[in-house]
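A.B. asks: To start, I am sharing the structure in question, which I have written as structure tokens.
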Amino acid sequence: MSESDAVNASRRKFVTATAAAVGAVMGTVVGVPALGYLASPALEAGGTDAWVPLGKLDSFPVAVPTPFSFTRSRVNGWDKSTRSYTVYVLRDEAGVKVLSSRCTHLSCQVTWQADQNAFTCPCHDAKFGAQGEVLHGPPPKPLDTYETKIEDGTLLIRVVEA
Amino acid sequence: MASKWISRLDERTGIVGVYKTVFDRKIPKVNWWFTLGSASLFLFSVQVVTGILLSVYYVPSPDHAYDSVQYIMTGVQFGWLIRGIHHWAASLMVLVVFLHMLRVFFYGAYKYPREITWVTGVVLLLATLGMGFTGYLLPWNQKAYWATTVGTSIAGTVPGIGDFILRALRGGTDLSAVTLTRFFAAHVWMLPLVILTVIGIHLYLVIRNGISAVPKDHE
Ligand code: HEM
Ligand code: FES
């Protein structure tokens, strides 16, 4: 190998190593943010936890489950959507209980039937009592209840969304 | 060890020959102006990568385009960075491609046998400008909307067929949802495909004809 060949070979090595190093740095500088960018929605905490006012406690009748509907809007990325809720407010001497209208079997919507003195589910013929207890059918547990609180006579429930 | 694997791979693919043809080319003694073509290629790759990333969250609809860009800027991690790179590299690419053309022009490198290289280069320049024009509308903000209104109006002043060109660009008489989706299709599918194909031809010709030398004085 002549002297100039040796110089060329070492220069070539240097250029290759430098190019590889610069390439690695640039790849990391772009690559790591790119991964964060793609994974971003999966890393978001998401979900909300809010106290929703249902109105003056006095305005709800005693001993009859009374339906109350409201909607909650949510923002997911660029998309704004609303979700509607129906709950049943049951007032008695003991206090107040707010029941979810989602059947505990497979999430159909139950409705209060005053003539049967029960909540009925249209999907698989379930029945729940006024307190939400299972009277008939496949549901594995009573209707869910919301955490409640009363502020200045106003009834609020805690709505937690995933 | 590594060379054993490379020779095994080469036996089956001829990859070493390809590598040597592409990277171990004989070139005349040149200067930094000769790097502008590679710089254009690099910037195009940057645009492809960041553009694909932007398309993950961008929505080409008047209802959501603006909000989706806002979301990229404030809601997505590093979204500002990805969009920022795409934005600045776009302007830089137009500049660098143009300078590359000037270098070829002033060195007379477009002459025989490189005329076809020049012609494919012209296509690349026009397609690059087209990328800038179509990309500018996509954020669907005031600036984008009015810039495209003006740009398409200018195209509409062509004698005779101007009105047709205007309608073809806008997808109707006015700027609308139809304009946005056709600009989007041009920006992410048609023009990149053209650029990719023509870069292939351009580089094939560069390799096949070799790089021209720096002209001597009085040549
Ligand atoms: C996306 C845009 C473009 C890319 C990626 C690109 C890429 C390249 C590369 C890598 C080279 C090798 C030599 C050098 O870098 O100077 C080259 C050479 C060349 N380019 Fe481009 N180019 C582009 C646009 C253009 C434009 C707009 C023109 C002219 C209108 C053009 C005309 C030429 C010619 C004639 C050569 C041969 C030069 C010589 O042999 O010395 N290119 N191009
Ligand atoms: S979902 Fe209500 S009974 Fe099945």
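So the protein sequences, as listed, match chains A and B.
Under this note's numbering, the first sequence has 153 at position 139, and the numbering climbs by one with no breaks.
Under this note's numbering, the second sequence has 1347 at position 164, and the numbering climbs by one with no breaks.
Cβ coordinates follow ideal geometry from the N, Cα and C atoms, glycine included.
1. For residue 51 (chain A), return the contacting residues in chain B, with the cut-off set at a CB-CB distance below 7 angstroms.
2. If you measure beta-carbon to beta-carbon, which residues of the stretch 82 to 93 of chain A are closer than 8 angstroms to chain B?
3. Assign residue 1385 (chain B) to one of three DSSP states: helix, strand, or coil.
4. So if I measure from each beta-carbon to every heavy atom of ligand 3 and keep distances below 7 angstroms, which residues remain?
5. Going along the chain, which unbroken runs of the beta strand (DSSP E) with 3 or more residues stay wholly within the stretch 53 to 84 of chain A?
6. Residue 1350 (chain B) to residue 102 (chain A), Cα distance in whole Å?
7. Give every residue of the same chain whose Cβ lies closer than 7 angstroms to the Cβ of residue 1285 (chain B), excluding the five residues on either side of it in the sequence, and list them in chain order.
8. Quickly, what does DSSP pair residue 127 (chain A) with across the bridge? List them, please.
9. Does residue 18 (chain A) come within less than 8 angstroms of chain B when only Cβ atoms are used?
10. With a threshold of 7 angstroms, establish whether the CB of residue 1164 (chain B) neighbours any heavy atom of ligand 1.
11. Would you check whether ligand 1 has a heavy atom nearer than 7 angstroms to the C-beta of residue 1301 (chain B)?
12. Going by C-alpha distance, which of A:33, A:69, A:50 is nearest residue 168 (chain A)?
13. What residues from chain A crowd round residue 1213 (chain B), counting only those whose CB sits closer than 7 angstroms?
14. Around the C-beta of residue 1185 (chain B), are 16 or more other C-beta atoms found within 10 angstroms, so that it is buried, or is it exposed?
15. Going along chain A, which residues have a C-beta under 7 angstroms from residue 1247 (chain B)?
16. Consult DSSP for residue 106 (chain A) and reduce its assignment to one of helix, strand or coil.
17. Establish whether the CB of residue 1242 (chain B) and some CB of chain A are separated by less than 8 angstroms.
18. Can you tell me whether residue 1323 (chain B) is buried or exposed, with buried defined as 16 or more other CB within 10 angstroms of its CB?
19. If we count the other Cβ atoms within 10 Å of its Cβ and call it buried at 16 or more, is residue 127 (chain A) buried or exposed?
20. Report buried or exposed for residue 54 (chain A), applying the criterion of at least 16 other Cβ atoms within 10 angstroms of its Cβ.
21. Would you call the stretch 1381 to 1392 of chain B and the stretch 1294 to 1306 of chain B in contact, with 3 or more CB pairs under 8 angstroms?
22. At 8 angstroms on the CB atoms, spell out the chain A contacts of residue 1239 (chain B), in chain order.
23. For residue 1366 (chain B), which residues from the same chain have a beta carbon less than 6 angstroms from its beta carbon, with the 5 sequence-adjacent residues on both sides left out?
24. Any heavy atom of ligand 1 within a distance shorter than 7 angstroms of the CB on residue 1308 (chain B)?
25. Give a yes or no on whether 8 angstroms exceeds the smallest Cβ distance from residue 1254 (chain B) to chain A.
26. Looking at chain B, which residues of the stretch 28 to 49 of chain A have a Cβ within less than 8 angstroms of any of its Cβ atoms?
27. Use the C-beta contact count for residue 146 (chain A): other C-beta atoms within 10 angstroms, 16 or more gives buried, fewer gives exposed.
28. With a threshold of 8 angstroms between beta carbons, is residue 1346 (chain B) in contact with chain A?
29. Do residue 1403 (chain B) and residue 1233 (chain B) have their C-beta atoms closer together than 8 angstroms?
30. What span of residues does the beta strand (DSSP E) with residue 168 (chain A) cover, start to end?
31. Measuring alpha carbon to alpha carbon, tell me which of B:1361, B:1333, B:1252, B:1189 ends up nearest residue 1236 (chain B).
32. Could you tell me if the beta carbon of residue 33 (chain A) falls within a distance shorter than 7 angstroms of some heavy atom in ligand 1?
33. Spatial neighbours of residue 1327 (chain B) within its chain, please: C-beta separation below 8 angstroms, excluding the five flanking residues on both sides.
34. When we look at the beta-carbon of residue 171 (chain A) and count the other beta-carbons within 10 Å, is it buried (16 or more) or exposed?
35. Shorter than 8 angstroms from the beta carbon of residue 1186 (chain B) to some beta carbon of chain A?
C.D. replies: By the coordinates alone:
1. Within 7 angstroms Cβ-Cβ: 1236, 1259, 1260, 1261, 1262, 1265.
2. Those residues of the stretch 82 to 93 of chain A placed with their C-beta closer than 8 angstroms to a C-beta in chain B are 91, 92, 93, ordered along the chain.
3. Helix at residue 1385 (chain B).
4. Ligands displayed in this structure: ligand 1 and ligand 2; ligand 3 is not among them.
5. Listed in chain order, they are 62 to 70.
6. Taken atom to atom, the span from the alpha-carbon of residue 1350 (chain B) to that of residue 102 (chain A) is near 57 angstroms.
7. Counting only Cβ-Cβ distances below 7 angstroms, and skipping sequence neighbours, we find nothing.
8. In the DSSP secondary-structure assignment, residue 127 (chain A) is bridged to A:132.
9. With its beta carbon at least 8 angstroms from every one in chain B, residue 18 (chain A) lies outside the interface.
10. An answer regarding residue 1164 (chain B) cannot be provided, because it is not within the stretch 1184 to 1402 covered by chain B.
11. Taking 7 angstroms as the cut-off, the C-beta of residue 1301 (chain B) counts as close to a heavy atom of ligand 1.
12. Of A:33, A:69, A:50, the residue nearest in Cα terms is A:69.
13. Within chain A, no residue comes near residue 1213 (chain B); the closest Cβ sits about 15 angstroms away, beyond 7 angstroms.
14. The C-beta of residue 1185 (chain B) has fewer than 16 other C-beta atoms within 10 Å across all chains shown, which makes the residue exposed.
15. Against chain A, a Cβ distance below 7 angstroms from residue 1247 (chain B) picks out 92.
16. Three-state DSSP puts residue 106 (chain A) in a strand.
17. Interface residue, yes.
18. Around the beta-carbon of residue 1323 (chain B), 16 or more other beta-carbon atoms lie within 10 Å, marking it buried.
19. Exposed is the call here.
20. Within 10 angstroms of the beta-carbon of residue 54 (chain A) lie 16 or more other beta-carbons, which makes it buried.
21. Contact between the stretch 1381 to 1392 of chain B and the stretch 1294 to 1306 of chain B is present, because at least three Cβ pairs lie under 8 angstroms.
22. For residue 1239 (chain B), the neighbours in chain A by C-beta distance under 8 angstroms run, in chain order, 51, 52.
23. Only 1317, 1320 meet the Cβ criterion.
24. Yes.
25. Closer than 8 angstroms to some Cβ of chain A, the Cβ of residue 1254 (chain B) qualifies, so yes.
26. For the stretch 28 to 49 of chain A, the set of positions with a beta-carbon nearer than 8 angstroms to some beta-carbon of chain B reads 44, 47, 48 in chain order.
27. The residue in question, residue 146 (chain A), is buried, as its Cβ has 16 or more Cβ neighbours within 10 Å.
28. Judged by the 8 angstroms Cβ criterion, residue 1346 (chain B) is not in contact with chain A.
29. Past the edges of chain B, shown from 1184 to 1402, lies residue 1403 (chain B), and the structure says nothing about it.
30. Unbroken beta strand (DSSP E) run through residue 168 (chain A): 168 to 175.
31. For the residues B:1361, B:1333, B:1252, B:1189, the minimum Cα distance to residue 1236 (chain B) belongs to B:1252.
32. The nearest non-hydrogen atom of ligand 1 is 7 angstroms or more from the C-beta of residue 33 (chain A).
33. Same-chain partners within the cutoff: 1319, 1320, 1321.
34. Buried.
35. No, its Cβ sits nowhere closer than 8 angstroms to a Cβ of chain A.
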